[in-house]
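Accompanying notes for the structure given below.
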Amino acid sequence: MASKGFLTREEVRDVYDRQAGSYDLAVWFYYLAGMRIGRWRRMVVDGLSLRPGDTVVEIGCGTGLNFSLLERAVGSEGKIIGMDISEAMLDRARERVRAAGWHNVDLVCAAASDFNFPDGTGGILATGVLTYEPEFDKVIERGARALVPGRKWVVLDYKMPSNWLRHLAPAFVALGSSFGVSKSFMERHVWESVERHLTNIRMQELYGGFVYIVSGEA
Ligand SMILES: C[S@@+](CC[C@H](N)C(=O)[O-])C[C@H]1O[C@@H](n2cnc3c(N)ncnc32)[C@H](O)[C@@H]1O
Numbered sequence: 016m017a018s019k020g021f022l023t024r025e026e027v028r029d030v031y032d033r034q035a036g037s038y039d040l041a042v043w044f045y046y047l048a049g050m051r052i053g054r055w056r057r058m059v060v061d062g063l064s065l066r067p068g069d070t071v072v073e074i075g076c077g078t079g080l081n082f083s084l085l086e087r088a089v090g091s092e093g094k095i096i097g098m099d100i101s102e103a104m105l106d107r108a109r110e111r112v113r114a115a116g117w118h119n120v121d122l123v124c125a126a127a128s129d130f131n132f133p134d135g136t137g138g139i140l141a142t143g144v145l146t147y148e149p150e151f152d153k154v155i156e157r158g159a160r161a162l163v164p165g166r167k168w169v170v171l172d173y174k175m176p177s178n179w180l181r182h183l184a185p186a187f188v189a190l191g192s193s194f195g196v197s198k199s200f201m202e203r204h205v206w207e208s209v210e211r212h213l214t215n216i217r218m219q220e221l222y223g224g225f226v227y228i229v230s231g232e233a
């Protein structure tokens with residue numbers, strides 16, 4: 016059962032299992048609503064400062080829409096570990112990996128809270144994921160401990176703007192409602208966990224303050 020407007024992990028998994036086939040198309044519709052998602056993905060991956068040969072972990076990788084940027088950054092000698100709670104989303108990611116001929120991508124089906132980050136991780140990202148995860152603080156902390164010192168965790172997520180644009184929250188929430196987004200998601204302050212467990216914090220607000228990218232160094 017959902018509590019306080021939050022979906023349970025099982026409900027989130029069911030939503031994405033159902034939506035997996037139309038997810039990539041839905042992302043294109045968000046461009047029409049002014050979301051510069053392609054640019055945001057580049058900002059996230061650039062923010063990781065990855066090097067060729069690195070192992071990068073993507074939490075909630077979905078259908079793998081960040082993989083081509085990550086591949087370019089870590090090269091064929093590096094490794095991408097993509098994990099997600101939805102097997103149907105990972106099936107799409109698998110198709111993408113096969114079609115591109117990448118041989119350095121491992122896909123893992125798990126809840127983020129159960130995932131064991133490999134030691135010596137060179138970078139971790141989560142785009143539009145951690146507000147779904149009730150134990151996001153534990154996930155950030157575990158990831159921070161697995162990172163090579165000086166390497167980065169970068170999160171793109173949603174929040175309530177601090178200015179008058181907060182009155183447009185119902186419209187923002189409506190955009191994501193088919194993916195289980197609700198107003199209560201914005202009560203999960205994921206950036207505060209990044210601030211708590213990492214250093215050299217950089218935070219950038221986007222889309223009128225509804226979207227942010229935060230990064231921190233281990
Ligand atoms: C909005 S989609 C984002 C997918 C991808 N990161 C992207 O940028 O296109 C959210 C993804 O997070 C996954 N997810 C949600 N809660 C999760 C959890 N607790 N653990 C792992 N994955 C989760 C969903 O299955 C879905 O694939």
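Read left to right, the sequence shown gives residues 16 to 233 (my numbering). Quick reminder that beta carbons are idealized off the backbone N, C-alpha and C, glycines included.
(1) Note down the Cα distance separating residue 153 from residue 95, rounded to an integer number of angstroms.
(2) Between residue 180 and residue 170, what straight-line distance do the alpha-carbon atoms span, to the nearest angstrom?
(3) Who pairs with residue 139 in a beta bridge, going by DSSP?
(4) Would you check if the distance between the CB atom of residue 97 and the CB atom of residue 122 is smaller than 8 Å?
(5) In the region 27-97, which residue ranges form an unbroken beta strand (DSSP E) of at least 3 residues, counting only runs that do not cross its ends?
(6) Given a threshold of 16 other Cβ atoms within 10 Å of its Cβ, counted over all protein chains shown, does residue 176 qualify as buried or as exposed?
(7) Please classify residue 225 as buried or exposed, where buried requires at least 16 neighbouring CB atoms within 10 angstroms.
(8) Is it buried or exposed, residue 246, if we count other Cβ atoms within 10 angstroms and call 16 or more buried?
(9) Which residue from 82, 100, 118, 110 puts its Cα closest to that of residue 92?
(10) Alpha carbon to alpha carbon, how far is residue 83 from residue 112?
(11) Indicate whether residue 205 and residue 217 have their beta-carbon atoms separated by less than 8 Å.
(12) Within 7 Å: the Cβ of residue 23 and any heavy atom of ligand 1?
(13) How long is the line joining the alpha carbons of residue 23 and residue 29, rounded to whole angstroms?
(14) If you draw a straight line from the alpha carbon of residue 45 to that of residue 51, how long is it in whole angstroms?
(15) Let me confirm a value: residue 16 is counted as buried when at least 16 other C-beta atoms fall within 10 Å, else exposed. Which label applies?
(16) What is the DSSP secondary structure of residue 150, counted as helix, strand or coil?
(17) Say yes only if the C-beta of residue 83 is nearer than 7 Å to one or more non-hydrogen atoms of ligand 1, and no if none qualify.
(18) Can you have a look at residue 85 and say buried or exposed, based on whether 16 or more other CB atoms are within 10 angstroms of its CB?
(19) Compare the Cα-Cα distances from residue 80 to each of 89, 227, 90, 109 and report the closest residue.
(20) Once you ignore the five residues that flank residue 41 on each side, which residues in its own chain have a CB closer than 8 Å to its CB?
(21) Note down the Cα distance separating residue 172 from residue 186, rounded to an integer number of angstroms.
(22) Taking residue 104 as part of the alpha helix (DSSP H), name the residues at either end of that continuous run.
On the basis of the coordinates in this document:
(1) 22 Å
(2) 22 Å
(3) 72, 168
(4) yes
(5) 70-74
(6) buried
(7) buried
(8) Because the chain in this structure spans residues 16 to 233, residue 246 falls outside the shown range and cannot be described.
(9) 118
(10) 9 Å
(11) no
(12) no
(13) 10 Å
(14) 8 Å
(15) Model confidence at residue 16 stands at a pLDDT of 40, short of 50, so the residue's coordinates are unreliable and nothing is read from them.
(16) coil
(17) no
(18) buried
(19) 109
(20) 34, 193, 194
(21) 17 Å
(22) 102-115
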